[in-house]
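Line by line, the protein sequences give chains C and H. With this note's numbering as the guide, the letters of the first sequence map in order to residues 7 to 429. With this note's numbering as the guide, the letters of the second sequence map in order to residues 144 to 292. Ideal placement from N, C-alpha and C gives every residue a C-beta, glycine not left out. Just so it is clear, the structure is predicted and the values come from calculations on it, not from any experiment. Right, one structure below, let's go through it.
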Amino acid sequence: MLLAAIIFIITYAIIISERFNKAAIALLGAAMMIFTGILSQEKAVENIDFNTIGLLIGMMIIVAITQKTGVFQFLAIKSVKLVKGDPWWILVMLAIITALFSAMLDNVTTVILIVPITLLITDELKIPPYPFLFMQIFAANIGGSATLIGDPPNIMIGSAAGLTFMDFIINVAPVIPIVFLATIIPIKFIFGKQMIVEERLKQGLMRFDENEAIRDVSLLKKSMLIMGLVILGFIFQQQIHLEPATIAMSGAVVLLLLSGESLPELFKEVEWSSIFFFVGLFIMVAGIKETGLITLMAERVMSITGGDMIKTAFAITWMSAIASSFMDNIPFVATMIPMIQDIGSITGSHELIKPLWWALSLGACLGGNGTIIGASANVIVAGFMERSGNKISFLEYMKLAIPLMLLSIVISWIYLYLRYFVG
Amino acid sequence: MEVKSIMTTLSDMKVIYPDTQVKEAVRIMLSANLTELPVIDRNGIFLGELSMRSIICEALPTYIVDGSLKNVNFSPGLFKFEDKLRDLLTAEVRLVMKKNIRTLTPSISTFGAVTLFSISGDETAYIVEKDGRLVGAVSISVIFKRLVE
Chain C
7 MLLAAIIFII
17 TYAIIISERF
27 NKAAIALLGA
37 AMMIFTGILS
47 QEKAVENIDF
57 NTIGLLIGMM
67 IIVAITQKTG
77 VFQFLAIKSV
87 KLVKGDPWWI
97 LVMLAIITAL
107 FSAMLDNVTT
117 VILIVPITLL
127 ITDELKIPPY
137 PFLFMQIFAA
147 NIGGSATLIG
157 DPPNIMIGSA
167 AGLTFMDFII
177 NVAPVIPIVF
187 LATIIPIKFI
197 FGKQMIVEER
207 LKQGLMRFDE
217 NEAIRDVSLL
227 KKSMLIMGLV
237 ILGFIFQQQI
247 HLEPATIAMS
257 GAVVLLLLSG
267 ESLPELFKEV
277 EWSSIFFFVG
287 LFIMVAGIKE
297 TGLITLMAER
307 VMSITGGDMI
317 KTAFAITWMS
327 AIASSFMDNI
337 PFVATMIPMI
347 QDIGSITGSH
357 ELIKPLWWAL
367 SLGACLGGNG
377 TIIGASANVI
387 VAGFMERSGN
397 KISFLEYMKL
407 AIPLMLLSIV
417 ISWIYLYLRY
427 FVG
Chain H
144 MEVKSIMTTL
154 SDMKVIYPDT
164 QVKEAVRIML
174 SANLTELPVI
184 DRNGIFLGEL
194 SMRSIICEAL
204 PTYIVDGSLK
214 NVNFSPGLFK
224 FEDKLRDLLT
234 AEVRLVMKKN
244 IRTLTPSIST
254 FGAVTLFSIS
264 GDETAYIVEK
274 DGRLVGAVSI
284 SVIFKRLVE
């Protein structure tokens with residue numbers, strides 16, 4: 007058990023330090039679990055969650071094809087013109103679009119699509135992009151929390167706990183609009199005064215022609231059809247008895263054939279580094295689980311909380327939020343999943359622990375907003391800012407982000423408490 | 144065949160200096176029907192290149208230059224780009240020129256030059272002596288001219 011813990015902690019520490027490629031380090035940790043005999047090769051492969059891997063790859067391919075159509079830019083420009091170029095309402099519209107996109111796509115893809123167009127708009131309006139991008143970071147992480155496919159932690163939780171797309175919509179999504187509002191209202195008070203723009207600049211924006219953003223109408227129709235079918239597949243997942251990975255991969259393959267896109271070219275768009283990071287993590291976590299370390303952690307948590315589900319859910323929500331603020335939430339969630347499963351085994355009821363999954367999901371996804379390194383989307387936005395000459399400092403971001411993140415966690419906790427523990 | 148036997152020699156080339164105004168450099172390019180010019184110091188040492196492409200790239204926002212926003216057909220223009228371009232024209236060449244330019248030595252073969260063109264996508268290569276002095280340039284068209292003739 008000690009050896010497994012040492013391998014796990016060292017690997018974890020190197021991943022957090024971000025000095026090396028995290029996929030390579032996770033795979034090295036996984037290899038160490040096998041070389042030291044903690045885990046057999048068969049057991050290691052068995053523990054790779056191919057449902058998570060398949061869902062991620064399938065959605066990455068669908069998004070890679072769909073983004074070539076220009077539909078995301080079309081929607082962004084359309085929304086900006088709808089509010090007649092008013093900067094505050096542009097911020098609101100772009101944040102809503104970011105949240106909606108990120109509920110259906112992964113957060114990194116969402117910000118890669120939305121940030122350049124936001125920078126173009128703020129350049130045109132000659133206003134600082136920071137308030138827009140700050141809100142978009144939050145919107146991406148908030149929107150991503152709402153669905154099974156919105157954020158990798160949810161994909162992992164859904165797959166491990168057998169939770170469906172609709173389970174997330176019913177149990178997590180209802181609190182999301184409240185969290186969104188609670189974030190954007192303070193933003194209005196803080197940045198509202200900067201949102202003054204000359205009429206001539208607004209008129210410049212109104213001359214944007216959103217129809218020109220659409221590059222391939224035929225591909226757009228095909229992409230929308232497949233995207234719609236895939237989402238329908240997720241919604242009726244229980245009725246059609248298919249795992250999300252099967253639905254996403256099937257959609258990806260059909261869209262690939264319909265679009266005539268080159269597969270080798272498309273494979274370049276798949277984030278293989280993230281995929282192999284997951285593979286390494288699954289094996290590493292299986293290693294410490296095999297030695298009984300996770301069960302020991304679960305028993306410890308249960309003894310601290312006295313087996314009280316309210317206290318356990320409270321601890322998981324806050325622990326996840328704080329940990330996810332300062333480190334990658336994926337390895338954290340990968341470790342927490344078997345622990346919550348063990349808590350389920352200790353209590354003898356997997357129904358009783360369901361709120362714990364929602365606590366983990368909300369804590370881990372929303373906690374990522376706390377610092378500029380808290381989630382991958384944040385890092386991508388910071389990179390865009392830096393390249394465009396508007397570097398965000400770690401502390402400057404944190405000064406506003408931490409209180410807003412804590413507020414979102416307080417709201418989430420009140421929601422979880424009222425919904426699952428009262429009466 | 145060595146490039147020195149086909150290169151355009153310095154005496155037949157237009158050159159600019161780091162303190163030349165960008166606007167003046169553009170005028171030289173337009174009058175000589177060129178899209179780039181070598182930048183040298185007063186001792187003839189090669190420092191880099193100013194091209195119309197590099198001026199545009201400097202004026203455009205980074206999210207366009209780095210390919211993050213590939214299609215901007217929906218926008219009739221960008222005030223920031225026009226303003227920046229205007230500012231750049233009054234700046235000195237040293238602020239806009241590209242410094243890391245691959246150069247060739249006079250003794251390199253034309254095959255070596257052709258290889259450089261195919262890899263870099265450039266159409267002109269500057270010929271620089273070991274002491275850093277610019278002695279000439281060879282363009283892809285000169286190589287073709289020799290082939291055809």
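Since residue i and residue j should fall inside the 8 Å C-beta cutoff, what is the C-beta to C-beta distance between them, to a whole number of angstroms?
i	j	result
Ile346 (chain C)	Leu366 (chain C)	6 Å
Ala109 (chain C)	Gly156 (chain C)	5 Å
Gly286 (chain C)	Ala32 (chain C)	3 Å
Pro470 (chain C)	Tyr206 (chain H)	As shown, chain C starts at 7 and ends at 429. That puts residue 470 (chain C) outside it, with no answer to give.
Pro250 (chain C)	Ile193 (chain C)	Contact flag wrong, Cβ pair sits at about 33 Å.
Thr163 (chain H)	Met172 (chain H)	Not a contact, Cβ separation roughly 11 Å.
Ile300 (chain C)	Pro270 (chain C)	Rounded, the Cβ-Cβ distance is 40 Å, inconsistent with contact.
Val276 (chain C)	Met66 (chain C)	5 Å
Leu247 (chain H)	Val146 (chain H)	6 Å
Ser418 (chain C)	Val181 (chain C)	6 Å
Met290 (chain C)	Ala36 (chain C)	5 Å
Leu368 (chain C)	Phe240 (chain C)	Not confirmed; about 20 Å, so no contact.
Roughly how many whole angstroms lie between the Cα atoms of residue i and residue j?
i	j	result
Ile202 (chain C)	Ser394 (chain C)	21 Å
Ile22 (chain C)	Glu204 (chain C)	45 Å
Asp209 (chain H)	Ile12 (chain C)	42 Å
Asp112 (chain C)	Leu8 (chain C)	36 Å
Asp274 (chain H)	Ser250 (chain H)	14 Å
Ile159 (chain H)	Pro204 (chain H)	26 Å
Ile281 (chain C)	Gly64 (chain C)	11 Å
Leu139 (chain C)	Val114 (chain C)	13 Å
Leu106 (chain C)	Val51 (chain C)	35 Å
Leu277 (chain H)	Ile188 (chain H)	6 Å
Pro158 (chain C)	Val169 (chain H)	51 Å
Lys274 (chain C)	Leu62 (chain C)	14 Å
Ser279 (chain C)	Ala381 (chain C)	16 Å
Gly350 (chain C)	Gly164 (chain C)	15 Å
Pro135 (chain C)	Lys227 (chain H)	18 Å
Ser252 (chain H)	Met144 (chain H)	5 Å
Tyr426 (chain C)	Asn177 (chain C)	10 Å
Glu225 (chain H)	Glu167 (chain H)	18 Å
Ile198 (chain H)	Asp265 (chain H)	16 Å
Val260 (chain C)	Asn53 (chain C)	28 Å
Could you check which residue in the options has the C-alpha nearest to that of residue i?
i	options	result
Met39 (chain C)	C:Gly64, C:Ala10 and C:Glu24	C:Ala10
Phe288 (chain C)	C:Arg25, C:Ile16, C:Glu277 and C:Leu45	C:Leu45
Ala329 (chain C)	C:Ala166, C:Ala304 and C:Gly373	C:Gly373
Ile88 (chain H)	H:Leu173, H:Arg245 and H:Phe254	Any question about residue 88 (chain H) goes unanswered here, given that chain H covers just 144 to 292.
Asp155 (chain H)	H:Cys200, H:Gly264, H:Phe224 and H:Ala280	H:Ala280
Pro181 (chain H)	H:Ala256, H:Arg237, H:Arg289 and H:Val257	H:Arg237
Ile386 (chain C)	C:Leu61, C:Lys87 and C:Ala146	C:Ala146
Tyr423 (chain C)	C:Ala383, C:Ala340, C:Val339 and C:Ile322	C:Ile322
Glu357 (chain C)	C:Ala167, C:Phe41 and C:Ile191	C:Ala167
Ser309 (chain C)	C:Phe283, C:Glu267 and C:Ile352	C:Ile352
Val69 (chain C)	C:Ile417, C:Phe390, C:Thr341 and C:Ile232	C:Ile232
Lys223 (chain H)	C:Gln73, C:Ala82, C:Met141 and C:Leu207	C:Leu207
Ser261 (chain H)	H:Ser174, H:Cys200, H:Val271 and H:Ser282	H:Ser282
Thr252 (chain C)	C:Ile103, C:Ile237 and C:Leu264	C:Ile237
Gly149 (chain C)	C:Ile120, C:Ala179 and C:Ile161	C:Ala179
Asn176 (chain H)	H:Lys157, H:Val165 and H:Cys200	H:Lys157
Could you check whether the Cβ of residue i sits closer than 7 Å to any heavy atom belonging to the ligand SAH?
i	result
Val169 (chain H)	Among the ligands in the structure shown, none appear at all, so the ligand SAH cannot be discussed.
Beta carbon of residue i, beta carbon of residue j: below 8 Å?
i	j	result
Leu406 (chain C)	Ile196 (chain C)	yes
Ala370 (chain C)	Ser326 (chain C)	yes
Arg221 (chain C)	Asn186 (chain H)	no
Arg245 (chain H)	Ser263 (chain H)	yes
Ile133 (chain C)	Gln209 (chain C)	no
Ile294 (chain C)	Phe26 (chain C)	no
Asp348 (chain C)	Ala304 (chain C)	yes
Glu267 (chain C)	Ile71 (chain C)	yes
Asn396 (chain C)	Ile143 (chain C)	no
Phe338 (chain C)	Ala29 (chain C)	no
Ile120 (chain C)	Ile96 (chain C)	no
Leu263 (chain C)	Leu272 (chain C)	no
For this session: Spell out a yes or no on whether the segment 90-105 of chain C and the segment 220-237 of chain C are touching, meaning 3 or more CB-CB pairs, one atom from each, closer than 8 Å.
Result: no
Exercise. At a cut of 8 Å, does the segment 230-249 of chain H reach the segment 410-417 of chain C through at least three beta carbon pairs?
Worked result: no
Problem set entry | Inter-stretch contact at 8 Å, needing at least 3 Cβ pairs: the segment 307-324 of chain C / the segment 353-371 of chain C | yes
Problem set entry | Validate contact between the segment 186-196 of chain C and the segment 160-173 of chain C using beta carbons, cut 8 Å, 3 pairs | no
Exercise. Any chance the segment 185-198 of chain H sits against the segment 234-252 of chain H, with 3 or more Cβ pairs inside 8 Å?
Worked result: yes
Exercise. When the Cβ atoms of the segment 212-224 of chain H are set against those of the segment 213-221 of chain C, are three or more pairs found closer than 8 Å?
Worked result: Yes: at least three Cβ pairs fall under 8 Å.
Problem set entry | contact_flag[the segment 242-257 of chain C, the segment 116-129 of chain C] where n(CB pairs < 8 Å) is 3 or more | no
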